[in-house]
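Protein chains in written order, with the working numbering: chain A, 1417 to 1603; chain B, 43 to 296.
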Amino acid sequence: MEPRDAQAAALRRELRSQLGGLGVPLQILAEDVAGESDERIAWIAMAPDGRACVVLVDPDGGDDALVARGLAQRAWVQARIADWLQLAPGLGARAELRPRLLLLAPEFSRLTRVAAREADPDGLLQLVRFRWSPTANGPVLRLDRLEPPPPGRPTPPAEDERPVASVFRSGLGERDFSGNGGATTPR
Amino acid sequence: MARERSDVAHALLPEREPAPAADAARLVCVPIAARDVARSALLWNLAVELARQGTPAALVVPAPDGGAAWPAPGRGPLGVEVVEVAPASLAVLAETAGKAAARAAARSATPPLVLVGVPLASLRKDADAGSLLARVLLLARPDERELVETWAALDAVVEQAPAAALGACVFGVRSLADARRTFESLAALAELELERTLTSYGVLIDDVHLSRSIVTQRPIVLAQPGTPAARALADVAAMLIADAGGQAAKQPER
Chain A
1417 MEPRDAQAAA LRRELRSQLG GLGVPLQILA EDVAGESDER IAWIAMAPDG RACVVLVDPD
1477 GGDDALVARG LAQRAWVQAR IADWLQLAPG LGARAELRPR LLLLAPEFSR LTRVAAREAD
1537 PDGLLQLVRF RWSPTANGPV LRLDRLEPPP PGRPTPPAED ERPVASVFRS GLGERDFSGN
1597 GGATTPR
Chain B
43 MARERSDVAH ALLPEREPAP AADAARLVCV PIAARDVARS ALLWNLAVEL ARQGTPAALV
103 VPAPDGGAAW PAPGRGPLGV EVVEVAPASL AVLAETAGKA AARAAARSAT PPLVLVGVPL
163 ASLRKDADAG SLLARVLLLA RPDERELVET WAALDAVVEQ APAAALGACV FGVRSLADAR
223 RTFESLAALA ELELERTLTS YGVLIDDVHL SRSIVTQRPI VLAQPGTPAA RALADVAAML
283 IADAGGQAAK QPER
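Next up, the structure:
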């Protein structure tokens, strides 16, 4: 297996194992499904309340195209839940509920987050950021649910009015910290 | 700490004269939690260092629930005035800070700087805080729990005052590298989530000298000049003065 394929497989395994930790327990029903226009759906899962969940992954970074693909695939899944129930009545799915949509990527721009909020004001579209973090026991995949930006927040100042960059500055040197035991004061 | 009626009258009695308009650039708003002794002490020491560098300074803070890091409200070392406010709503803090700035300006030809401690709770619930939040300085510690609180304060500030100039000063670190990392992680989050940049105001050292300052209620820069803690205060104060449009009259001692 090529290193890149091995990394992708490891990522997929970790993501799958952590899907249930994103607020709602999920039972995975199908993996790597060919959905709308034969595009792949990473997972289709079911929550305890019978709401289906559609999961898409973009390992290269989430953008508005991922949101668009997710919405299309969710519609594709929702249109088929009733048929699946006829084939498998024990599925526990409720066809009248709009499926939840989970979009996973290493990063989402503010534009994409706003677009996701506007596309699904019911909160059934969830953006999840994943990142590998180094630990003593090797890299660990961390998942963060991204809250949508609050609507109506005033526009930040124009680009040319902002400071150019967040650059740390200090006139001290490391020798100023020799003998400093760190925070010695009470909280 | 017992306070004289005159010390709190400004917050309780109707004003006879309209409050002077504060130059927003001369107010530095610092989010601070109740009973946060370390940040309170750093703020007071910073105010004294501003005065030592030739900039008239005042400190406006919520009335402490317990012991204070300063000797008493009123004018103290190097003429730094401490004003305790209760209740510490943003409106009252802004009005009190404006008056403190006017008093300090009347005593010197150099424009003053007023440090204003703002309760974290007020940042969310109070409205019309724009004038007070024009310039915000976060005192950030690397501890993860504290960074979450710092982040919450930053988020609230940006929501209330999107044009606020945002700065961060790190403390509670064991090395300059730790300070840099703490600032950069906070700045990266601010740029990513809020699309705002942070201005760095260096690092303060909270070593045994700050503890002594709290216990003795004597400012570090007078009681322990030449120590790393005093040098750090001088460095941060010089940056605050320079960014407010002034120039430090006395350069930090090396």
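For each residue, glycine too, the CB sits at the ideal point set by N, CA and C.
These numbers come from a predicted model, not from an experiment.
In DSSP terms, what residue i is bridged to
i, result
"residue 100/B", "123/B and 156/B"
"residue 1546/A", "1559/A"
"residue 1462/A", "1443/A and 1468/A"
"residue 1477/A", "The partner list for residue 1477/A (beta bridge, DSSP) is empty, contrary to what the question assumes."
"residue 131/B", "None; residue 131/B has no bridge partner."
"residue 242/B", "210/B"
"residue 106/B", "Paired residues: none, contrary to the question."
"residue 161/B", "74/B"
"residue 1516/A", "1469/A"
"residue 69/B", "156/B"
C-alpha gap between residue i and residue j, whole angstroms
i, j, result
"residue 1432/A", "residue 1557/A", "11 angstroms"
"residue 122/B", "residue 161/B", "21 angstroms"
"residue 1434/A", "residue 1546/A", "10 angstroms"
"residue 87/B", "residue 249/B", "13 angstroms"
"residue 269/B", "residue 1587/A", "14 angstroms"
"residue 259/B", "residue 106/B", "14 angstroms"
"residue 142/B", "residue 179/B", "19 angstroms"
"residue 257/B", "residue 112/B", "10 angstroms"
"residue 1514/A", "residue 139/B", "53 angstroms"
"residue 1453/A", "residue 1492/A", "10 angstroms"
"residue 1425/A", "residue 1585/A", "42 angstroms"
"residue 203/B", "residue 177/B", "10 angstroms"
"residue 175/B", "residue 158/B", "10 angstroms"
"residue 1523/A", "residue 193/B", "19 angstroms"
"residue 119/B", "residue 239/B", "35 angstroms"
"residue 1589/A", "residue 209/B", "21 angstroms"
"residue 1448/A", "residue 1437/A", "20 angstroms"
"residue 3/B", "residue 226/B", "This structure does not reach residue 3/B, given that chain B is present from 43 up to 296, and the question cannot be answered."
"residue 216/B", "residue 253/B", "16 angstroms"
"residue 1565/A", "residue 1537/A", "12 angstroms"
"residue 71/B", "residue 1592/A", "27 angstroms"
"residue 196/B", "residue 1450/A", "44 angstroms"
Where residue i falls: helix, strand or coil (DSSP)
i, result
"residue 270/B", "helix"
"residue 213/B", "coil"
"residue 81/B", "helix"
"residue 1451/A", "coil"
"residue 1524/A", "strand"
"residue 1539/A", "coil"
"residue 262/B", "helix"
"residue 1511/A", "coil"
"residue 1457/A", "strand"
"residue 1483/A", "helix"
"residue 1554/A", "coil"
"residue 179/B", "strand"
"residue 1506/A", "helix"
"residue 187/B", "helix"
"residue 116/B", "strand"
"residue 95/B", "coil"
"residue 1438/A", "coil"
"residue 89/B", "helix"
"residue 1588/A", "coil"
"residue 1418/A", "coil"
"residue 174/B", "coil"
"residue 220/B", "helix"
"residue 140/B", "helix"
"residue 277/B", "helix"
"residue 254/B", "helix"
Close-in-space but distant-in-sequence residues of the same chain around residue i (CB under 8 angstroms, 5 per side omitted)
i, result
"residue 75/B", "81, 161, 162 and 191"
"residue 149/B", "98 and 121"
"residue 1554/A", "none"
Residue i: CB within 6 angstroms of a non-hydrogen atom of the ligand SAM
i, result
"residue 1551/A", "Although the ligand SAM was asked about, the structure shown includes no ligands whatsoever."
Close-in-space but distant-in-sequence residues of the same chain around residue i (CB under 7 angstroms, 5 per side omitted)
i, result
"residue 1509/A", "1462, 1466, 1468, 1497, 1500 and 1501"
"residue 246/B", "84, 211, 213, 274, 275 and 278"
"residue 1511/A", "1497, 1498 and 1501"
"residue 164/B", "130, 131 and 132"
"residue 1494/A", "1514 and 1515"
"residue 1478/A", "1519, 1521, 1523, 1524, 1528 and 1543"
"residue 201/B", "none"
Expected contact under 8 angstroms - CB spacing of residue i and residue j to nearest Å
i, j, result
"residue 1517/A", "residue 1482/A", "So it is not a contact: roughly 10 angstroms between Cβ atoms."
"residue 229/B", "residue 1582/A", "3 angstroms"
"residue 184/B", "residue 220/B", "6 angstroms"
"residue 1533/A", "residue 1562/A", "Their Cβ separation, rounded to whole angstroms, is 10 angstroms, which puts residue 1533/A and residue 1562/A out of contact at 8 angstroms."
"residue 77/B", "residue 263/B", "So it is not a contact: roughly 25 angstroms between Cβ atoms."
Cut-off 6 angstroms between Cβ atoms - residues of its own chain near residue i, not counting five sequence neighbours on either side
i, result
"residue 1578/A", "Model confidence at residue 1578/A stands at a pLDDT of 46, short of 50, so the residue's coordinates are unreliable; what they give is reported in the following sentence. So no residue of the chain qualifies."
"residue 147/B", "154"
"residue 1458/A", "1471, 1472 and 1473"
"residue 100/B", "123, 142, 146 and 156"
"residue 1486/A", "1472, 1517 and 1519"
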